Amino acid sequence: MGMPSAVPSEALVRSQKLINWQRLGRTLPGIVFLAPAVIAFIIFRYYPLLKGLYMSLFRWDTQNPPGAFVGLNNFSLTLSSDVFREVFVNTLLLYAFGMLLGFWVPVVQSLLLNELRRGYYLFRFLYVLPVMVPGIAFLMVWKYIWHPDFGLANAVMLILHLPKQLWLSDPKLVKLTLRLPSLLGGGMSVLIYTAAIQNVSLEVIEAAIMDGASAWQRTRFIILPNILPIVGILFVLSLTGSLLAFDDVWIMTGGGPGYSSTTLVMGVYQRAFVQNQYGLGSAWAVVILICTLILTLARLWTMREERM
Amino acid sequence: MQDSTLLEGRLPEPPQRAPAVTHIRMSWQDKAYRAVCYVLSILWVSFTLFPLVWLLSSTFKDSVDVMKMPPDFLPRVPSAYTIKLDFSDVAASDPGNLEQVIREDLAIAIWRVPDYLAAIHYGSITAEAYVQGKKVAEATLPSSQYSQYRGRIWVTQRLSDNLVRRDLDKALSTARFRLDMSGLGPTPAGLPNEETARIAKLFGTEVKPSSTLISVGERRYFPAIINNFISAWNWPSRLYKGMTFAGYMRNGIIITVADILLQWIISGLAAYALSRILTPRFSRIWTVFFLITMMVPGVATLIPSYELVGKMGLHDKLLGVIIPSIPGAFTIYLFKGFFDALPGEIFDAARIDGASEFSTFFRITVPMSRNVFTVIGLLTFLGSWNNFFWPYLILRSPKVWTFTIAIYMAMGGSGAAGAQYSNAMACAVMAALPTVLVFAIFSRSVQQGLVWSGLKG
Amino acid sequence: MAISLSRREFLKAAGLTTVLVALAACAPKATPEPTKAPEQKAEPTKPAATATPAPAKKVKIKVYDLVAEDCTGPGCFDREAQKMFDEAHPNIEVEHLPFPSVSVEKRKEYWVTALSTEGGPSVVFFDNATFTMQMAAMGNVAPLDDYLPLYYPEWDDLFPIVQEISKYNGKVYQIPGMVEVNGIAVRRDYLKEAGYDENFYPKDWPEWLEMCQKLTTADHWGFQWPMIEWGFGNFLCMDGGTVALEKEDRTIELHFASKEVIETAQMFKDCVFKYKVTGPDTFSDFATNLNNFQQNKAATFNFMPSWLNWLFGTAKFQPEQLNFAPYPLGPSAVNKNSLIKPYSGVSTHSWMVNPKQPKDEMDAGAQYICYIRSKEMIKKEAEWWKANELRGVYASPFKDVPWNTVSSGVPEWWGQPLLTILEYGGVSPAPDYLGADYLDKALQEILRAGDSDIQAELQKGEDRAKREFLDEYHKKLQG
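In order, the protein sequence lines correspond to chains Y, D and G.
Residues 1 to 308, numbered by this note's numbering, are exactly what the first sequence covers, in order.
Residues 309 to 765, numbered by this note's numbering, are exactly what the second sequence covers, in order.
Residues 766 to 1244, numbered by this note's numbering, are exactly what the third sequence covers, in order.
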């Protein structure tokens, strides 16, 4: 119907006289709709964030909050602590291993999948199936597989006449072991890449076929470049989360032998809930926050550049 | 084109696959390439699914096999042991007490022997009473009953004949016991082997019933293969009478359903307001207000949120997990994106007609947005169902555990008792089954929804 | 928010004070608690047949001691004790909550978190008295001195060592339960194989190392237990050393790099690398170590006799196959004045009260713990053990309740070591404050590689602990 040009005079009068009322009449339900979400965000996002920043400036006393004000002392403690440095390196290494071993896998898997005629949908379904299984089930199976005494991994080592390894109990191996399962791939990424592959324009492909390009050449020179943008986006996305590894590592090793698989977020947890140092833990959290923000802003900036 | 599909209430279809190229003969290179792709895909899919397969196979192994090295690939079929006892002497010397002695001896046999069978796989133990060659009574104790009730009846780890006699009623009521002095039908004896010989040696040394041992035999007993599931199912009842694993699932369902409903209502209404009701400037401010929080990782609010929930008195309560997950920035973003793409005329028309915003939302927008609601429901479900850490922090008593916490506790949480892998695995399989089934049935729509949300993000 | 809470509490307190003052002004009636005391003493020996005078209003407390239905072992007696308490105290409603069965570290973590926030439990239980001291130092548990005359007059009958363990800074913070002693279990059959007399146990470290080596064969190794959790502390203790000393002003002085610690760490390291008497996985957890011991892969195991029931219940092997020995003396302790006896870990189960609860809940909590751990209850527990054919060795905390009335089904030769330990037992040194994991990490670094530098690692650990934790702790103490 479009914007009515013939506004009933009543409405015009109403809008002139009681313009606030009408706006209010439209806005009030809007505010009512908006309010619960806003309140929830304030209580559970903004308030804790600010409180966390606040807490990091104190030697927080849980018995008599807030305790003594120490300014940036917690931060200098954090940055000068070699535990922090080691844990930071751990987190980066875990991320690096995860990327090296697992980032390219779904790409390859979807490219392979693309060539299948029969079984395409079946295979794609099977690749995505792990998404629907509770993550903890996987973690547990892997913990079982990596068990030094009766796990499948060492059984395989024995068959290959290689020495048994301690896997998750070995400080030198634990980070690698944690990320080895990434080689299996699958999951959401496969879905996204296959969708991206399907988006590649048909004409270009048919033209290539006309020109006599083989399937391999088509894949390498047409499809792959076309999906690289999406690959790039997913890469950048994973980068912003690179410092946040926690759940799966914690369930598998709880921090590993010594500090060898402790991650940054685990450090926060340990400081707060084990050592009861809420202030220091909050400082760690703020440091992580700042680093993550830098990465996020970098992502937004590069995406803006792309758009331009 | 996108608008029209949205209007029809469908998500944009993923583009169709390139049609099979049949009009050009495939060169041998292409055929080879395709073959390689097939092989690699088959291999890779197998590897991806292998952990699940291993999980499934290991779940059927008993607690001894699960720690065997090298591990078996297929679980063993459990054994059923049959112990035959002869009461002819008792019948002759003390006929008045015969029934009582039979009850005692059978109970002793079925309850004491499993204590020594820890290293042997067994599905059930049966003790049979014979008088003059005629079977007159039998008692059967499946291993799932043993593991569930052994600790409930007796506190000691070293059971003695006297203790069994003392608690005879409980001992027999938890087993399958039949007594008929006129004779029961015969049962297959089973075969003797190493393990039966070990059991036979117990009689007269550790186990001293009044009757004499005739033989011990072993058969395959397939039904016992689900014992791990029975034990895992009944696991919570150790602490709370009558609670089963379903209790953990129930907690998970409550949390997840509440999460989904709250996201639909609160985030949906908010996004609708941002998209369709409020003025653009107002809306932009608030959109930014919501979406900036996506840049803040959970760790930054972990400690204060924990304290806050404590102050609200929600520690150890399901609400303590539900309420903090109400803020959903990504959900609002998805909703808003969808609502923005809806044609504006419909809303203007409704307003002119005098409909209130409320009824507009519920009567017009929602039916049109079935798909985005489904997708949000799916995403919220995935996030909430598998959520581990926050529930672990907040929900301390087993009564309110979700199954993720239960599985974690079963395998890593316990210190002295050690990881009960069998238990944990059975729980994991039981927990994974519903979602896998749902996915199998609704696979098309689920995948579609995931793709759409993924691309949007 | 903190401000508004204290305002509420202030109002509550003001209201209570007013009421009390009014009552006191009208007619000096005894407040409810003291009148309960005489009944309290009589109750444990006879069921509460007489009606108590108008009981105080109902109080509800939360205790994390729910006993599982299929509980086996000595701790299960608590179920009976709880029932008896409920019968005797109709005005106190106890909500029993289960405690997740987790490792010692996680339990500590759990309690620290629970006790430092609101809505925590009224009563805390831990099976190690050093935890009590730790919590007391943090102000997380309440002093019980005022309750003792009312509910626990048998305090004077406790062993001195038990009294000492239950105190911190001169005040009592826990009601002790059964006394645990820490020793070593040694396989008698392996001893015989190695040519020793079956009743042998090592008295000092040279004997210990020799024994470990002789007991290490192709099938089994000599030294198996958690490297970090208890083993180190006990050996260090028997070397006369400590990792931390708490001074008068409650500050802590770390001694990570002291002579005895280095000696002990060196001994451990030699066990792993030089003598090779340990298993392949130096960092395995308690459950795995236990498993190895039960599967005949190890000849010794860190052992507390009270574990007897659950440890050996299933027919893997029986206590008759084991010796129970005190920890061997270290070189520094041997060289010291021989009148100074060595001491190894003596600890008790400890029951404590959460000071953050309202006063009536604290009172109820104190009543609860004094009741279920009273002398009468301990005697009843001993009888219950015998009736249920439980096996275990505890020492009762009371001088007048002999150890063999609270132990059953154990071989003769366990008695003497037990009494020895009790007689000379002392508090485990080094109140293992939250900084303990710095030591653990340092030890893990040391045991990781044969070429690790013990002194350097320990010093690093100490510096780290000081920098990250201790300095903060000290500053907090100063306010």
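Heads up, the beta-carbon is just placed ideally off N, CA and C, and yes, glycines get one too.
These numbers were taken from a predicted model, which means no experiment stands behind them.
Task: Beta-carbon proximity check, V877/G vs Y1133/G, cutoff 8 angstroms - done: No, the Cβ-Cβ distance between V877/G and Y1133/G is not below 8 angstroms.
Open item on the list: Beta-carbon within less than 6 angstroms of L28/Y's beta-carbon, same chain only, minus the 5 sequence neighbours each way: which residues are those?
Closed with: Within its own chain, no residue has a Cβ closer than 6 angstroms to the Cβ of L28/Y once the five positions on either side in sequence are excluded.
Task: Length of the line joining the Cα atoms of A879/G and G885/G - done: Cα to Cα, the separation comes out at about 5 angstroms.
Task: Bridge partners - E1011/G, DSSP secondary structure assignment - done: Note: E1011/G sits in a beta bridge opposite I1017/G.
TODO: Determine the DSSP secondary structure at T639/D, reduced to helix, strand or coil.
DONE: Residue state, collapsed to three classes: helix.
Task: Inter-residue Cα distance where the pair is M210/Y and V287/Y - done: In a straight line, the C-alpha of M210/Y is about 56 angstroms away from that of V287/Y.
- [ ] Would you kindly report the start and end of the unbroken alpha helix (DSSP H) that includes D1125/G?
- [x] Here the alpha helix (DSSP H) through D1125/G covers K1124 to I1137.
Task: Distance between W462/D and F1038/G (C-alpha atoms, nearest Å) - done: Those two C-alpha atoms are separated by around 45 angstroms.
- [ ] Could you work out which residues of chain G lie near Q453/D, taking near to mean beta carbons separated by less than 7 angstroms?
- [x] By Cβ distance, chain G contributes nothing, its closest Cβ being about 12 angstroms from Q453/D, past 7 angstroms.
Open item on the list: Judging by CA-CA distance, which residue of F84/Y, T262/Y, L202/Y and V105/Y is the nearest neighbour of R1229/G?
Closed with: Of F84/Y, T262/Y, L202/Y and V105/Y, the residue nearest in Cα terms is F84/Y.
TODO: Grab the span of the beta strand (DSSP E) containing D394/D for me, first residue to last.
DONE: S387 to D394 is the extent of the beta strand (DSSP E) around D394/D.
Task: Between the CA atoms of L228/Y and G185/Y - distance to the nearest angstrom - done: Straight-line Cα distance between these residues: approximately 18 angstroms.
Task: S81/Y at chain D interface by Cβ criterion, 8 angstroms - done: For S81/Y, the answer is no, since every Cβ of chain D falls outside 8 angstroms of its Cβ.
Task: Bridge partner(s) assigned by DSSP for R527/D - done: Partner(s): A388/D.
- [ ] Using 10 angstroms around the beta-carbon of K369/D, count the other beta-carbons present and answer buried if the total reaches 16, otherwise exposed.
- [x] The residue is buried, with at least 16 neighbouring Cβ atoms inside 10 Å.
- [ ] Enumerate, from N- to C-terminal direction, the unbroken beta strand (DSSP E) stretches of 3 or more residues contained entirely within the stretch 841-898 of chain G.
- [x] Restricting attention to beta strand (DSSP E) runs no shorter than 3 residues, the stretch 841-898 of chain G encloses them at 857-861 and 888-891, ordered along the chain.
Open item on the list: Output needed for L202/Y: all residues of its chain with C-beta closer than 8 angstroms, excluding positions within five of it in sequence on either side, in chain order.
Closed with: Excluding residues within five positions, none has a Cβ falling inside 8 angstroms.
- [ ] Note down, in chain order, every chain Y residue with its Cβ under 8 angstroms from the Cβ of S1097/G.
- [x] Those do not exist, as S1097/G stays about 27 angstroms from chain Y at its closest Cβ, beyond 8 angstroms.
- [ ] Kindly say whether R474/D, judged by its beta-carbon, lies nearer than 8 angstroms to any beta-carbon of chain Y.
- [x] It does not; no Cβ of chain Y falls within 8 angstroms.
Task: Cβ-based neighbour list, T810/G, same chain, cut-off 7 angstroms, excluding 5 preceding and 5 following - done: Low per-residue confidence applies at T810/G: pLDDT is 39, beneath 50, and the placement is therefore not dependable, though the value from the model is reported in the following sentence. Sequence-distant Cβ neighbours of T810/G in its own chain, meaning closer than 7 angstroms and more than five residues away, are E1141.
Task: Identified DSSP bridge partners for D969/G - done: Per DSSP, L1094/G.
Open item on the list: Helix, strand or coil for K1151/G? Go by DSSP, reduced to three states.
Closed with: Three-state DSSP puts K1151/G in a helix.
Open item on the list: Could you tell me the alpha carbon to alpha carbon distance between G212/Y and T219/Y, rounded to whole angstroms?
Closed with: Distance from the CA atom of G212/Y to the CA atom of T219/Y, rounded to whole angstroms, is 13 angstroms.
TODO: Mind reading off the beta-carbon distance from L129/Y to F747/D? Whole number of angstroms is fine, and I expect it under 8 angstroms.
DONE: For L129/Y against F747/D, the beta-carbon gap comes to about 7 angstroms, under 8 angstroms, which counts as contact.
TODO: Check A483/D in the structure and name its three-state DSSP category.
DONE: The three-state reading of DSSP puts A483/D in coil, since its state is none of H, G, I, E or B.
TODO: Identify every residue that forms a DSSP beta bridge with G431/D.
DONE: Residue pairing by DSSP places G431/D in no beta bridge whatsoever.
- [ ] Please list, in chain order, all residues of the same chain as S575/D whose beta carbon is under 7 angstroms from its beta carbon, the five residues on each side excluded.
- [x] Around S575/D: G636, T639, I640 and F643.
Open item on the list: To the nearest angstrom, how far is the alpha carbon of F681/D from that of K478/D?
Closed with: Straight across, the Cα-Cα distance linking F681/D with K478/D is about 54 angstroms.
- [ ] Measuring only between beta-carbons, confirm whether Y54/Y sits less than 8 angstroms from chain G.
- [x] By the rule that beta-carbons nearer than 8 angstroms mark a contact, Y54/Y does not touch chain G.
Open item on the list: Rounded to the nearest angstrom, what separates A816/G and M849/G at their Cα positions?
Closed with: Low confidence applies here, because A816/G scores a pLDDT of 41, under 50, leaving its location unreliable and the question unanswered by this model.
Task: chain G contact for D247/Y (CB, 8 angstroms cutoff) - done: For D247/Y, the closest Cβ of chain G is not nearer than 8 angstroms.
Task: Residue span of the beta strand (DSSP E) that contains I949/G, given as start and end - done: G948 to R952 is the extent of the beta strand (DSSP E) around I949/G.
Task: Close Cβ partners of A718/D (< 7 angstroms) along its chain, the five nearest in sequence each way excluded - done: Excluding positions up to five away in sequence, the list reads Q728, N731, A732 and C735.
TODO: Find out if the Cβ-Cβ distance for the pair G525/D, G555/D is shorter than 8 angstroms.
DONE: Result no, Cβ atoms of G525/D and G555/D do not sit closer than 8 angstroms.
Open item on the list: Along the stretch 166-185 of chain Y, where does the CB come closer than 9 angstroms to a CB of chain G? Name the residues.
Closed with: Cβ contacts with chain G come from L166, S169, D170, P171 and K172.
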